[in-house]
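Numbering (this note's numbering), first residue to last: 2 to 515. In this text, a Cβ means the ideal position worked out from N, Cα and C, and glycines have one as well. Note that this is a predicted model, so its numbers are computed, not measured.
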């Protein structure tokens, strides 16, 4: 099983996907004139603007839901894996992915807002919806929807629960060993998997509103608590910070693990962590209640900074400062070995050892608790994403009980992942991430060259902001954007009229007076 999954990963995560992720981010950064820098202040303002409604959630709730997907085991175990297989230089390439990926996140999330729909009293949207409406290719949208249901409903949840199980076992011991026909498992992992499934079932059977309310409380709390501990560890070793920076930057260009390993693992784990371009973030973005699609695009762009530049960097600095890592070379050899050889690089143990070194007695249990919240909220986000794509399929073919079956499969995946080995869990997760990234990035690039809807929305928003309008209005007809049915109906329902800005928002040029 492991060899087959590794073979598939070798195809999906070829250098072509690495270059596609970096190239797409650079392309959108240039075409949006680096909106991730120009609109940084506006991103923060928009976090707390707008309110939820019966149909949609607030911008902050949408950020929390998307962050619950972005901030997960990738920020702890994923960073450790990037360093363990790509060397410290991989962290630099994670930063590059985050900076460039913020523009990709803007673009895909704005598309989700433009082409969202109302479905049974709530907003739905995401890549499947904008691929169908903007590209006009329903077959491609269906491929993405099915791939996403498999990835987020079956493959990715097991990665999150696996990290929880490994962290609990490392912190509190394995307990009794239980032999079954399926293999030998520790009682600690079995109990952990069962507890996670019970709590998860209570929430996912409550719908998106319950998910949003849970994540808006838990996500800021867990991220802040983790960052505080990380900063304490860094402050205790503040004299080493310059050398850590030098190590990361220096190893990025003269990597101990090889150029391909540093860039490859940095991009791979960067995409896994912040999900820019993967197509997961747009699902939460579409559920937000906003006055203009570009607003939610900016909020989602900011979430990339929180995930990678803040949380992932905190993990990386702790690990490198304390030296709690190994770097794997070819054929099982170690390029750097500071820890026992039996510690898996794709597990949370590097991070646990790092905190334990600085704060004896705290590291292992703290990371276990942090991982529970990080990973648990990520599983919730995965469920919501899978549910949205099932809802998309229901628009054409209604299969009774399909949502219930999805919940059962997800719960089974979570339990299975909690008790299985880390290598298999991560390999399956990488298949899901890579497949979605290929389909989504190609899709949004085609949409860009066909109509540039997200770019038009950005320009329109900038012109309205410059004009000092009191209430933003999005008129897709005026901008030459087709298929944005929700926004067209909203304009009619509210009797809104697009403001005269003195420029053509669809091109950014002055209007002709002829």
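The beta carbon of residue 253 sits closer than 7 Å to those of 90, 93, 94, 263, all from its chain and outside the five residues before and after it, given in chain order.
C-alpha of residue 404 to C-alpha of residue 155: approximately 14 Å in a straight line. With respect to the C-alpha of residue 192, the residue from 162, 204, 221, 203 having the closest C-alpha is 162.
Residue 120: member of the beta strand (DSSP E) spanning 118-120, first to last residue. Take the alpha-carbon of residue 38 and the one of residue 101: they are about 10 Å apart. Per the coordinates, the alpha-carbon of residue 249 lies some 19 Å from the alpha-carbon of residue 347.
Between residue 3 and residue 292, the CB-CB gap reaches or exceeds 8 Å. Counted as a single uninterrupted DSSP element, the beta strand (DSSP E) harbouring residue 123 occupies residues 123-125. Pairing residue 160 with residue 313 gives a Cβ-Cβ distance that is not under 8 Å.
In the DSSP assignment, residue 92 falls outside any beta strand (DSSP E) and within the unbroken alpha helix (DSSP H) covering 90-115.
Taken in chain order, no unbroken stretch of beta strand (DSSP E) lies wholly in the segment 422-474 with a span of 3 residues or more. In this structure, the CA atom of residue 267 is about 19 Å from the CA atom of residue 322. Assigned with DSSP and collapsed to three states, residue 187 falls in strand. When beta bridges are read from the DSSP output, residue 337 appears opposite 328.
With distances taken between CA atoms, residue 6 lies nearest to 429 out of 108, 299, 438, 429.
Annotated as proximal: residue 271 and residue 99, with beta-carbon spacing under 8 Å. If only complete runs of 4 or more residues are kept, the segment 216-267 shows the alpha helix (DSSP H) at 242-254, in order along the chain. Approximately 7 Å separates the beta-carbon atoms of residue 455 and residue 298; this is inside 8 Å, confirming the contact. Residue nearest to residue 324 within the set 358, 307, 303, 190 is 358 (criterion: CA-CA distance).
For residue 359, the three-state secondary structure derived from DSSP is helix.
Sorting 391, 24, 471 by C-alpha distance to the C-alpha of residue 120 places 391 at the top. Excluding sequence positions up to five before and after residue 11, its CB lies less than 8 Å from no other CB in the same chain.
Taking C-beta atoms as the reference points, residue 433 and residue 426 fail to come closer than 8 Å.
Here residue 85 is not near residue 245, since their CB atoms are 8 Å or more apart. Counting every other CB atom within 10 Å of its CB across the protein chains shown gives residue 40 a total of 16 or more, marking it as buried.
Contact annotation: the segment 109-128 does not touch the segment 357-373, with fewer than three C-beta pairs closer than 8 Å. Taking C-beta atoms under 8 Å as the contact rule, residue 290 and residue 171 fail to qualify, at a distance of about 42 Å. Taking a C-beta distance under 8 Å as the contact criterion, residue 77 and residue 378 do not qualify as a contact pair.
The Cβ atoms of residue 146 and residue 383 lie no closer than 8 Å to each other. Taking C-beta atoms under 8 Å as the contact rule, residue 255 and residue 96 fail to qualify, at a distance of about 17 Å. Annotation: residue 138 is outside any alpha helix (DSSP H) and is labelled neither H nor E by DSSP. Going by C-alpha positions, residue 415 is about 9 Å away from residue 195. About 7 Å separates the Cβ atoms of residue 488 and residue 115, confirming a contact at the 8 Å cut-off. Residues 408, 412 of the same chain have their beta carbon placed closer than 8 Å to that of residue 202, with the five preceding and five following residues left out of the count. When the Cα atoms are used, residue 294 and residue 475 turn out to be separated by approximately 8 Å.
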